[in-house]
Each structure stands twice: as structure tokens, then as C-alpha cells.
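Everything on this sheet refers to the single structure shown next.
4 protein chains.
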Amino acid sequence: MQTGVHRFSLPDPGDVSGLALAIEEGTVDPAEIVAVIGKTHGNGLVNDYTRGYLAQSLALLIGQATGQSLDAVRTQIPFIFSGGVEGVLSPHYTVFTVSAGHTPGPRKGLAIGVSFTPELLPEDIGRQRQIDVTADAVADAMHRASIDAPEDVHFVQIKGPAFQQGDIVSSMRAGRPPITDNPGKLMGFGRAASALGVGKALGHVPPARAVAGAVLKDFDLYSPVASVSAGVEVRCNEVVVIGLSARWSGDLTITHAPMADALDISGIHTMLGGLGFAGAPQLSSSETARIKACFVKCEASRDGAVRGNFHTMLNDGDMDQQRHIRGAVGAVVASILGDTALFVSGGAEHQGPDGGGLVSLIVEHNGEG
Amino acid sequence: MQTGVHRFSLPDPGDVSGLALAIEEGTVDPAEIVAVIGKTHGNGLVNDYTRGYLAQSLALLIGQATGQSLDAVRTQIPFIFSGGVEGVLSPHYTVFTVSAGHTPGPRKGLAIGVSFTPELLPEDIGRQRQIDVTADAVADAMHRASIDAPEDVHFVQIKGPAFQQGDIVSSMRAGRPPITDNPGKLMGFGRAASALGVGKALGHVPPARAVAGAVLKDFDLYSPVASVSAGVEVRCNEVVVIGLSARWSGDLTITHAPMADALDISGIHTMLGGLGFAGAPQLSSSETARIKACFVKCEASRDGAVRGNFHTMLNDGDMDQQRHIRGAVGAVVASILGDTALFVSGGAEHQGPDGGGLVSLIVEHNGEG
Amino acid sequence: MQTGVHRFSLPDPGDVSGLALAIEEGTVDPAEIVAVIGKTHGNGLVNDYTRGYLAQSLALLIGQATGQSLDAVRTQIPFIFSGGVEGVLSPHYTVFTVSAGHTPGPRKGLAIGVSFTPELLPEDIGRQRQIDVTADAVADAMHRASIDAPEDVHFVQIKGPAFQQGDIVSSMRAGRPPITDNPGKLMGFGRAASALGVGKALGHVPPARAVAGAVLKDFDLYSPVASVSAGVEVRCNEVVVIGLSARWSGDLTITHAPMADALDISGIHTMLGGLGFAGAPQLSSSETARIKACFVKCEASRDGAVRGNFHTMLNDGDMDQQRHIRGAVGAVVASILGDTALFVSGGAEHQGPDGGGLVSLIVEHNGEG
Amino acid sequence: MQTGVHRFSLPDPGDVSGLALAIEEGTVDPAEIVAVIGKTHGNGLVNDYTRGYLAQSLALLIGQATGQSLDAVRTQIPFIFSGGVEGVLSPHYTVFTVSAGHTPGPRKGLAIGVSFTPELLPEDIGRQRQIDVTADAVADAMHRASIDAPEDVHFVQIKGPAFQQGDIVSSMRAGRPPITDNPGKLMGFGRAASALGVGKALGHVPPARAVAGAVLKDFDLYSPVASVSAGVEVRCNEVVVIGLSARWSGDLTITHAPMADALDISGIHTMLGGLGFAGAPQLSSSETARIKACFVKCEASRDGAVRGNFHTMLNDGDMDQQRHIRGAVGAVVASILGDTALFVSGGAEHQGPDGGGLVSLIVEHNGEG
């Protein structure tokens, strides 16, 4: 088995001509697509419909190419999009393919597995059920990826449901009140519970502590490889697990680094060194070409400060905190990698150290290792 | 003569308790204050009143401390504030003082001079008059700073007037139409013309090309040390020139570096090396402590791309391009310096290379040079 | 011929279950659909992708129902969506159908015709070509609607192309510079030129004055029935003409009223009286039930004032002027009609009196006339 | 005693030239000023500093005119400002004066009284202490106004403290956690508790139900004359009670009307009829001239709908719900009164019917009553 990673620019959430051309030219076999992860133009909040638009556009294209119905495509392939390309970031989507018939080499190859939880209702979000079904789905995806050890998992991307005010009111009237009546806050609860689910599945969070009472409270609990987004365009937790496995082949590898705070670039540089990159403070353009995909999770620190100076992100009524922090941390990582087509997602509750985040990087081997 | 540089945190544009305490404790002599430059909480656009609020608050404090009227203070001291502390940036203000009676040492000291143009009306903005009176004021401030050579000037900060829609309509009705009827665009014209004025004064732009017809057109023309903001709270161009002079003493120095684009950190690292800092990719906390003030100018590239990938900053109807670029470039510089109390200002027309910008840095000597 | 008008709620730009159910239940024959006009959740500016998302969703549904390809549907049916449902406004879409085989009655019936201009490029926007091809398309649509006299036209809705920064830069590099390099401003030029085209076709603007030089300059020139939007999701001017014709039958009628300024409700009340409504200041719920669709065009007055008091809409860097004015005028009209599913569109250049706008109303006859 | 009501336009939060001129011309005696209520340019949320800027500007002016210190002025005069002039609304401030030596006439005159609670800390907000001290202050202000019966109170305006993230974090670290760690939500708790305090003082809410447990829960409980704002510029609840009293004289009167929802204009028209205005649907300009001040409180309905159609205000991540609803309801009231210098404030928790609001109107008698 071999994982292919194909990154395309996204001029408009309805313009998937990049993948269309790759299919036409034979670079991507549409039948081999197993997941798509991307950044779209919206605000990344409740009323971001660019995620759903891209999902529909891609499902249409893939369905036409494979002869499947749009619904069939959407239930097989996780389309995980995060809105918000603030600052230098560039909208794009990364298509993951799996091809069979390859003989594993001496080193572990890039492995990917996907899974879906059952449907989640507004009243499930942020609660024990979401933690538990997510943990199950992560274990399932890991198994499907033939990844044996949790330490070989370097990135777990989840997209879970968000709900508009109308859905929340309907649930309340039906006697099944969600954990909050605020649609934006409900997104945060969903990210947090899902992250605890990841942590539970991978052993980062003891099962006894992966409980509803810890959600958005015990920020010491986190998974260092979890990245969770929410959106109104999905109705279950869609799970993609990426790591390394001896049963996979190919020239790609993945690793990850924590960010202790929004300015912490030391882990990234250590990670780059481990991958054989020479070049701090910024990769050379030939080094940048080795990067196949980069995933970043970050958040505005809840204590209102970065390295002793206060920030204004949590007081701002004009611009959401997520738009602030994605633009900032995205630019920091871009300035190191020399690449702006990064998946940078805000809302890192229980995903990496409190106030900090996570960087996962898929690169081509440099031919040495 | 010796320049003092005192940076204070700004919890609220009306809270100048930092300077108040420094005056009370004798750290700052209010009679020695010659200029204040800072970042406030607003959006940095036409309807940003946090700049005027801080100016009023500081003038009140300094007037009380020196026995002067508020008006007297405001006509002597440039209060140059730029709104917008996106991402990790932290609101703050830097108070510049000048004390006499010091004997110059063997190396050039940090020198500062201020000047004011005559009042500028809406119809002057972006036109030849603004270019010319700005050039005169820069020359005057340089002279007052006893800086002999243009290459010893490392930072020219200007704050010029912005106008609300009502002022523009009044000018149009009076038969004196401004260059545009759009208040936000008029701010850009003002920054551009003022920057050409700096370039003319310092020899970066040939006088024959420092003309109205070049404003927002000939982007090859720029001053590498100009930083211009506009705001409704001022009515003339207030000019602060900072550089090095053999007639000044003290332990501080200033230098500057260009940024070729929003990710260009090479010049910054070269500059840091020249100042005796060891530490790429990020200064250690003891090195960070040597930084007294940092000024950054940046802009969203007009060609819509950064290193080959398109950005969305100029298409965004929810969040102004300046909020995007300040948050991005501010975080990049903060990640190198380990400091978030940076003056980062957007709108870099004719201020540094097109699509890029400027970093000026005031630091303590490291005791070696 | 008879026009059907079917209004559906839009919970999400990808949720067209309202029309799907109507097709399933036989209320709407998908083969009879000739146009759809609606309001979506976005900001109504350059980066509003909710319009394209709804267009794609509807084209998918209609294509499946009629056995046509998505492309075939999109080239036959204008999908005209305006983003921005500020304040009390509610996202919705109105489906227009035409059925044959009806005998005209004694009074004129509601008539509709559609037409498309050739493709328009960035460099065509705001220029003579856009004026002229729009005038031709309006004449064509009027002819197709069998409307004989311009005074029987009560609403002309146009959707024209908008372009992102990347498209504009491409045109500039190809030596075909658009009239402005600002994507948002280009939308305004396009609305303005298209409105002059409507005025030219209907005789509201003398042909000799419907010229490029008048665009965004001679605001005395306007069509009282034109409503123009722009969006990145279309590539030509899509035109829908609605009016009255003796060759059409049915129980529906249309009329229109000007608004002299954002508070001018006198024309609306006069119009309502003419339609047999009793009820100022607000329609009763049974009267509201007679309303089939309402279209409103409005703008923030360029002189910066409403009835002598200045407004802040044109100074605001956080919230676009269109979001301000749609929310305000939309609520005013909703408070009269008791209905919030209104099509309210900002940017009324040459569409109604300067600083004011247009209200067009499709209602059921009250059985008397 | 006689109340004077003087309304001034506010071009900029730092420009109080309107009042300055009135003092200079003798129209307003600065020593008689007892309260100022106004609308400023900001967003009305946590990071709105325009309120504090105007308060400082007015205190400076009044202090200079009366020979008092700025601090003395600010502890005597409530400066109650609400940010947000969306749509047609116009920034302004209304100065209330009280002059003695007038003989009461046969009818009750416009009466005003002010009071201040003790300082409130972050941990007091939304809790019993805020309810109780507010109730006491309302009773005190009512007593000072010589208003005997609660039914003679037609408007109670309160401004209470808001806190930035830094203050909240400080309280948490000190072991005194506020009721929420979200600065914006804390503003809502403060408005709600204060409104219950008003209701308790005036008998609209039974004392046994004016309890912390009812805050933001029992929306059946409300005061029909309460209007509460919060802002970082104040540190206690500042209270202004306005009503009618036989001990006051003058040509002004006040009354109020509820709004059942955002479109409910029936109560306003009934109120206008009671005041002797002829003119539905819109006052004539001579009738408009009788209006001295108008105060409106409104909110986005929590059930997500207005008259059966859903709204998007509570799902919007780009534009706060308060900006939506102020622009909408403000325009509705302006379209009736023909006046845009209205005090329109969002966040009407326990202030008027759930999802609706309050309109209070001060007018000149029409010479008849």
C-alpha cells in the first residue's frame, strides 16, 4: 500500500479544476481517493459555507469521474475543510490516495486510515457520547491504516458537526437541550470532546479522565496529534488518521512537533533538523519543494497573554479570535517553511499544550534515510 | 544630548498609568518628552478613534505634569499612533525623551528630531503640496536631530491627517475636491505622497520623480526608512526622524532592514547579526531584553500572491487587508524577536519594496562595540 | 402563459430541500422553471461564495429532476443571488415558473422574460460594452416576455460578473487593464454600467447619455426599475425582466415604488394603497399573506447624511456600507409588510434616486380588481 | 425644578464642540448638567473605547467650564454611552440639565434623578450583589427625582462595568472567578442582573424572583422601562431615572412603549397618538421637531426567528448580533419618527418582552395638554 499526497490551489470553493486536470492527466486516479483535507475562504465559524461548497464541488467531480452518486462519494470519503485563510495563507486542498500492489521497503511508509462515527445530534456535542464514539472511530481508522503503535500516529484530523441557532432551538424545544445555546461555543465543545476522544484512543489521556466533566476544564489533558474542526456541513465525526507503518511503502514520511505558545518555533526547527533540512531560519526553495503538506493547530491563549505581554484577541468584537490566531501562527510557520498553502486551524482545545498547538508535516524523504 | 526610549504597555487607550508611574518614580522627566509612538486597539482605519483617545490621555497627563495646557502639549509633541494589534501583537506606546548635558562618546548616539508641516486640507492629500511640505519637514527634523548624512537616518515616522466622509463632502461642495471621495482610499494617497516626501528629502527618490503623478503609480520609487500612518486625529503631517549622530551619546543604537515580501526574514537576521545577537532562529530572552523598540511596515502584495501562492487579503469584505497583513507580518517578526510589543503598521505604499516593507530596531549596545 | 412565483426558505446555501419537496409534491414542475432570485447568507461582497453554492445546489437539483446536465441548466436559467441578510432579513429564494395553455383574462397578467449577454471580461466591466450588451439583453428579455411598453416593466434584475484580485492582475498583465484594480470597486462599476444599460433599453436614460463617461458620475441618470448585483459566480450579465402583459394570465400582479432616501416610506404606502391594502402602518397577517415576493434596492447616501444627520456607513472599516444599508432599509420595509423574506440588495448606483432606491412588489390580486 | 434636554451631534468621540458652543452661547449652563446619554461610533462590545473617549472629552470640557477637576466631574455626572450607530443611526449625545426656581404647573413635569452603586468587581457581575445594589440605586435616583409612583418612571438607563480578558484572568487567579470567562458574555450577565435590579426596585419583578438564579434564565421577568449597557469605561452601575413628577415643571414629557418583537411598531404608533401626533406612518418634519430624545432597547430573538422566518443574527461570525439588531430596529424607529439621532442599544435581556424591546420618548408638549 502506498499513500499519495496531492496538493491543489483553490481559487474559489467551487473551482476544483486543479483536481479535474490531475484526473484528466492521470496524475490522480479518482478511484484511489480516500480523503481530502483543505482550507477554504470562509471565516471558519458557524456561518462558513465555503466548506460545504467545496465538499459538494469535489464530490460532484469525483462522482462523475468514478460513476458514483454524490451521496455515495460523501459517505466514503471524508471531506475535511477548515475555513479561514487569514494573512499570507492560501486556500488549497490536499487529496490523499491509496494505491495497492507496492512492496514495503526497509523503512516505515506513510499510512492513512479513515473512519466515521455514527451521526451526532446537537445534544451529543461536547458530551460523553462524542468522546467515546470518536475514540472508537480513531481506533478503527488506526486499525484500517495498519498502524500498530500509537507513537506511530502523527496526525489525527477530525471534522465534526456544528449547528446553527435553528437546530439548537429545535433540540431545546424537543426536550434535548444542547450543552450551550450558543452556536459558536457549541463548536468549541465539539472540538474539545473530540480531542479527548483522540487522546483516549491513543493513550494520551487516561480513559478515566476522558470524561464529559473534563471538557473545556482540564486543559492539562490533551492529545499532541489531534486536530479537530467543526462545521455545519457534516453530521458525524469524520476521522482521518495519518502515521507510519511497516506495511506501507513510498517516499513520504510524517512527523509532528508541539508549539508551547504562539511564538514557539523551537520544536519546528528541531523537527526540520530531524527530517534532514539544513536551513534555519527559513528553508531554501529546494527544501520547500520537499514539503507535501503541513497541518497546524493553534489558539489564542486563554490567559490573555503571549510571553508576558497581553494580547487583544479575546476582547475583539469585530474579528473573531480564530481569525486572529490563524493569521498569526500561520504566518510564523509559513516564514519558516517558505510555503503558504498550509492547513492552519484555530480552536485547539485539548489539542496540544494549552495556549499552544501542533505542527504535523508530510515531506518527501531526502534520499538519505 | 541623549535619547531615552521608554516603552509602556497600554491596557486601554485611556489608561496611561504606565507613564504616570514612571513620571512619579522619576524614571521619565515629563519636560524631556519629545515624541510618543504607539500601537492602539482600534482597526487602524478611518473610524479608529483609539489613536485620538490615547493622544488626549497622554496630553492630559503630560500637561498636568509639566503645567502646560493640553493644546500646548499637542502642538509640541508628535503623538503618532497606529491602530491595529492583530494576532499576538500587544498595545503599547514608546516615549522618547531627550536630555542635555551628556558628552558624546566615541561612537554615534541615537538621535531624534521632530517637525510639523503646516495644516493639510482634504484637497492637499496625495498631491504635490503634501509631498513637498513633508520633504521640508523631514529635512527640518533631521537638522534638529543633528544628523548630517541621510544614510544615518534609520527611521522616519510620519502621522498625517485622515478625513471622514463628511469632511470630504464639505470639500467637494466648496469646489475643492479631494483626489478621491473614498475616505479609506484617501488615507492611502496620504501615506503614499508622504513617503515620496521622505524619499525626496533623503535622496531615495530623485526630486524630479517625487511628483504627484508618481503617487500610487511608480512603486519602484520608495524610501527604505519611511513609515507613514494616517488618522482623523491629526491635521498636519507630524514627523519624527530617528538615526545616529556623533553629537549624541548613550547606549542605544538603531538600524533597519528591508523585507522583500511578507515572508522575507533574511534581512532581519542579517541585521540582528550585525547588532551582535547570536540567536537565530529566535532571540533568547536575555537578547530580547536588549530590544527597546521595533517598528515594522508591511502591506498585502498588490499582485495578490506571496511566493507564488495567491492570498485572499485584497478580496476580503469582512476583514480589511491591513488587519490581515499586520497580524501576519507582526507575528513573523515577533517570532524572531520573542517580543510582541511591536509597532507594526500596514499600508506601505512607497515605504520599502513593493509588497514588502521595513523593520527598524532600537537596541542597547551589547557592550562590545 | 402564466407566471408562477414560489418562495422557499433557505436554511443553508446547500439546502434546497424546499424546492425538492415542491417538485416531489408536484407544486413546482421543474421543466417550467425559468429563473431563480434569492438572498443568501454571505456578505454580498467579492468573497461571498454562498451565491455560487446555492446556484450549484439548485442546478444539481433541477438537473436531476429534468434529466439535464448541470451545465445545461446553468446556461438556461438565471440564478440571481445577492448575499447579505443583515438584521431581520431571512435567507430565501424565489422560483419563477412559466406554464403555457392559459387564456389571458381581462386584465394584464404577470409576465417574465430572461436573457443573457455574451461573456464579459474584467476589462469590459463599467465600460460602454457592458452598457450596450445589457441594453440589448433587456430589450430581448422584454420581447420574450411579450411586454410591449416600457411602463409595463416593473422590475429588471441583473446579475453580472465580479472578479477576484487574481483575475484583475491577470488582465493587467495581459495589457487589458480593468477600469479599477480594486475588486470591490469593480463590482460597483459593473452595477452602475448595467443600470445605465437598463435605463437605455427602457427609455429612462437617453441613449446619448448612456455612455461610459456617465458611469458613477451623472447620478441624475437612473432607471427606476433596475436592480443589479454582481458576483464571482457568473461570467455574463444574466437578465430577468418582470412586468405586466395582456398576453399573460393569472392572479398575480407587480408594481414598484421609489424610495427617495433610506427613510422614505411614503411611496411604499401609496403603492400598497393602490394594490388595495388597507393597512398602514403595517399590513395585517392576512394582507401579508398576499405578498409573493418583494425586491428592494438601496444604498448609503454618498453625501454622508440622512435627513440632515450624518451617518457613519462610509467611514466604517469593520462593516461594509452594504451590510449597514441592507440591514436598515430591509428592516424598514419588513416593518411595513410584516415579512422578512425580502430580496434587499445594496449598491443602487443609477438604480433609483441617488441615496434612495426601489421597491418592487409581486402580490396576489385581492379579488376586486 | 425643570429638566432641560439638549441633543448634540457627535462628529468624532473627541469632538464635543456642540456642547462647547452651547455653553459659550449660554444655552446650557454647565453647572446644571446632571447626566449625559449618547451613542458613539464604536462596536458597542468589549473593545469599544469610543465610549470612554467621549466621557473623557465631555468631562474635560465640563471641568474647564465649571472649574472642577476631571475626576470630580466623573463622579458626579453619569456619562452613559452606548457604542454602535449601524445603518442610518447618527452619533450624538443628549445633555440633561436641571434648573431650580421654577414653579410647577398643573401637569406633571419631566423629572430626572441619578445615582451610583458602589464599585462592582468582575466577580460581582451577573450575581445577586449587582441585582441588589442596582435596585437600591434605582430607588435612590427615583427618590432624588421626586417621582412618587413607579408607574411615573418611563425610562431607567444604566451603565455598568465591562471587563477585558486581563481583568477576568486576574480575578480567576485571585480565587474570585467571574460567572463566565468570556468578556462579551460577561457584559450580557451584567445587563441582565442590572435589569432585574430595576424590575425589583419598580415592582415589575417580585423581590423573591429577582435572584441570581433567574439571570439569563427566566425571560418572563423583565422591567418594561429598563435599558442597560455595559462598558469597560465605568466601574460601578451609573443610574439615571427619568419620569414625571408633580414637583417638576416645563414643556417636556416622557412616555414609553413596548416592542413585542423587532417589527412591532403598533405600540410606538399608539404612543405617538397619545402624545398628540397626527402622523402615521411617518411624522411630518414639524412633528419630528417636537422630539427631544428617543431611547430604544432591542435584541436578536433567542429563538432564531422573527414572525416565523428565521434570522441569521446569532450564527454570524463576522458581525455581532448587536450590530445587526441595532441597525434593523434603529431604522424601523427612525422611519416612523423621521429622526436618526436615536439612542438604540442592543442586548435587552430582561428589558422588555423577550425578543422585543422598549421605546422611550421625550417630546415637547403640543400646547394642547
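Protein chains in written order, with the working numbering: chain E, 11 to 379; chain X, 11 to 379; chain C, 11 to 379; chain A, 11 to 379.
Where a beta carbon is used, it is the ideal one built from N, C-alpha and C, also for glycine.
For the region 56-70 of chain E, the beta-carbon criterion of a distance under 8 Å to any beta-carbon of chain C is satisfied by ASN57, TYR59, THR60, GLY62, TYR63, GLN66, SER67, LEU70. ASN325 (chain E) carries a helical assignment under DSSP once its states are collapsed to helix, strand and coil. For ILE43 (chain X), the enclosing beta strand (DSSP E) begins and ends at 43-50. Take the alpha-carbon of ARG312 (chain E) and the one of ASP191 (chain A): they are about 9 Å apart. Taking every protein chain shown into account, the CB of LEU371 (chain E) has 16 or more other CB atoms within 10 angstroms, so this residue is buried.
Against chain C, the CB of ASP142 (chain A) has no partner CB under 8 Å away; the residue lies outside that interface. ASP364 (chain A) is classed as buried because its beta carbon has at least 16 other beta carbons within 10 Å across all chains shown. Within chain C, the C-beta atoms nearer than 9 Å to that of GLN174 (chain X) come from GLY314, PHE320, THR322, LEU324, ASN325, in chain order. In the three-state reduction of the DSSP assignment, VAL235 (chain E) falls in the coil class, being assigned neither a helical nor a strand state. Under the Cβ distance rule, ASP364 (chain C) does not count among the residues neighbouring chain X, no pair being separated by less than 8 Å.
Within chain C, no residue has its beta carbon less than 7 Å from that of HIS334 (chain E); the closest one is some 14 Å off. Short of 7 Å from the beta carbon of VAL225 (chain A), and not among the five residues preceding or following it, lie these beta carbons of its own chain, in chain order: GLY136, PHE199, ALA202, ALA203, LEU206. Along the region 11-24 of chain C, there is no position whose C-beta sits under 8 Å from a C-beta of chain X. Cβ-Cβ distances below 8 Å link SER259 (chain E) to MET11, GLN12, HIS112, THR113, PRO114, GLY115, GLY119 in the same chain, with the five nearest sequence neighbours on each side left out; the list follows chain order. Not a single C-beta of chain A is nearer than 8 Å to the C-beta of ASP158 (chain X). Interface annotation for the region 210-243 of chain X against chain A: VAL242, GLU243, criterion Cβ-Cβ distance under 9 Å. Distance check between GLN66 (chain A) and each of A:THR37, A:LEU29, A:GLN78, A:GLY24 places A:GLY24 closest, using alpha-carbon atoms only. With contacts defined as CB atoms closer than 8 Å, ALA256 (chain A) and ILE141 (chain A) fail to qualify as a contacting pair. Sixteen is the threshold: when 16 or more other Cβ atoms of the shown chains lie within 10 Å of the Cβ of GLU96 (chain A), as they do, the residue is buried. Put simply, the region 54-63 of chain E touches the region 84-95 of chain E. At least three CB pairs are less than 8 Å apart. Chain-order list of chain E residues neighbouring SER100 (chain X): ASN319, PHE320, HIS321, by C-beta distance under 7 Å. In this structure, DSSP gives ILE178 (chain C) a helical state, which the three-state scheme calls helix.
Here MET329 (chain X) really is in contact with ARG333 (chain E); their C-beta atoms are around 6 Å apart, less than 8 Å. Residue state for PHE199 (chain X) is assigned as helix, using DSSP reduced to three classes. Interface with chain E (8 Å Cβ-Cβ cutoff): GLY97 (chain A) is excluded. Looking at the DSSP output, VAL306 (chain X) bridges to X:VAL354, X:VAL369. VAL148 (chain X) sits close to VAL166 (chain X), with the two beta carbons spaced by under 8 Å. Residue pairing by DSSP leaves SER294 (chain C) without any beta bridge partner.
Nearest to PHE106 (chain X) by C-alpha distance, out of X:LEU262, X:ALA299, X:ALA344, is X:LEU262. If the five residues before and after GLN138 (chain A) are omitted, its C-beta is found closer than 7 Å to the C-beta atoms of VAL221, ALA222, all from its own chain and listed in chain order. The C-alpha of GLU129 (chain X) is placed about 46 Å away from the C-alpha of ALA121 (chain A).
For LYS169 (chain C), the three-state secondary structure derived from DSSP is strand.
Scanning chain A for C-beta atoms nearer than 9 Å to the C-beta of HIS153 (chain C) yields nothing, as the closest lies near 36 Å away.
Interface residue (Cβ-Cβ distance to chain A less than 8 Å): VAL339 (chain C) is classified as such. Close to MET329 (chain A), with beta-carbon spacing below 8 Å, are these residues of chain C in chain order: GLU96, MET329, ARG333.
Secondary-structure assignment with DSSP links GLN12 (chain C) through a beta bridge to C:SER109, C:SER259.
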